[in-house]
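Chemist: Take this structure first; my questions come after.
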Amino acid sequence: MLSIKNILLFTSTASAFVLPELVERDAKATQQNLTTINTDTETFTQKVNNYVGGPTILDVNQAQNTLNDDIKSSTTYAQKSGANSASEAQSLIDYIDNTLEPNIKKAMNAMKSKKEQFQKDGYGQNALDGLKNTKNNTDSLGAALANNTPSSKTSAANAAQAKIDADFDDAISYFSS
């Protein structure tokens, strides 16, 4: 007959073999989530750049809604994920710094370039509210990712978030004036 002690030992041993794979998948899934957000950001930028008024606002709204939905689901995933190793965290930070943040900056510049058109069509306040909402969602994702970042990478993670915040703050300020 198996004793509870043996069952616990077996469970602990089996968990030790499975957990590294789960953490690895968490980091890979987080990377995939960031890639999805980047693709959404590029699509949003394209829709904003193509905005000429009228019904094309629906394309902008749809792209922004998709972006926000994916940011929210990525946040939920990150909140449930385990801690990343230093190398995994650095890989995520590098992706944010070298790919995602530059595309966020392009999106914010596209929004700023269409401010007059949005205002002319009566969507200026909606555009501002959308920027604020997306920034709030991005801040929530940043906080969730920071919770999974080892202390040796916290400074770099905070710097990446600060760049993204600056991009949003610049566009929000531009739309607020």
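Using mature numbering (1 follows the signal peptide of the UniProt record, and there is no 0), the letters of the sequence shown correspond one by one to residues -16 to -1, 1 to 161. Quick reminder that beta carbons are idealized off the backbone N, C-alpha and C, glycines included. A quick note: this is a predicted structure, and the numbers were derived from the prediction, not measured.
1) Starting from Thr59 and walking both ways along the alpha helix (DSSP H), at which residues does that stretch end?
2) Please state whether DSSP places Ser139 in a helix, a strand or coil.
3) Classify Val36 as buried or exposed, calling it buried when 16 or more other Cβ atoms lie within 10 Å of its own Cβ.
4) Helix or strand or just coil, what does DSSP make of Lys31?
5) Helix, strand or coil, according to DSSP, for Tyr79 in the structure here?
6) Between Leu84, Pro134, Ala127, which lies nearest to Phe28 when the distance is taken from Cα to Cα?
7) On the DSSP letters alone, give me the boundaries of the alpha helix (DSSP H) that Thr118 sits inside.
8) In the DSSP assignment, find the alpha helix (DSSP H) that holds Ser96 and state where it starts and stops.
9) Using only the alpha-carbon positions, how far apart do Gln101 and Asn33 sit?
10) Which one of Lys31, Met95, Thr20, Pro39 has the shortest CA to CA distance from Ile156?
11) Give the straight-line distance between the Cα atoms of Ser71 and Ile21, rounded to the nearest whole angstrom.
12) Can you tell me whether Thr122 is buried or exposed, with buried defined as 16 or more other CB within 10 angstroms of its CB?
Modeler: Taking the coordinates as given:
1) Secondary structure note for Thr59: its alpha helix (DSSP H) is the uninterrupted segment 40 to 64.
2) Ser139 falls in the helix class under three-state DSSP.
3) It is exposed - the Cβ of Val36 has fewer than 16 other Cβ atoms within 10 Å.
4) helix
5) helix
6) Leu84
7) 108 to 131
8) Ser is not the amino acid found at residue 96; the sequence shown has Lys there. Segment 85 to 97, the alpha helix (DSSP H) holding Lys96.
9) Between the alpha carbons of Gln101 and Asn33 lies a gap of roughly 11 Å.
10) From the listed residues Lys31, Met95, Thr20, Pro39, the smallest Cα separation to Ile156 is found for Met95.
11) 21 Å
12) buried
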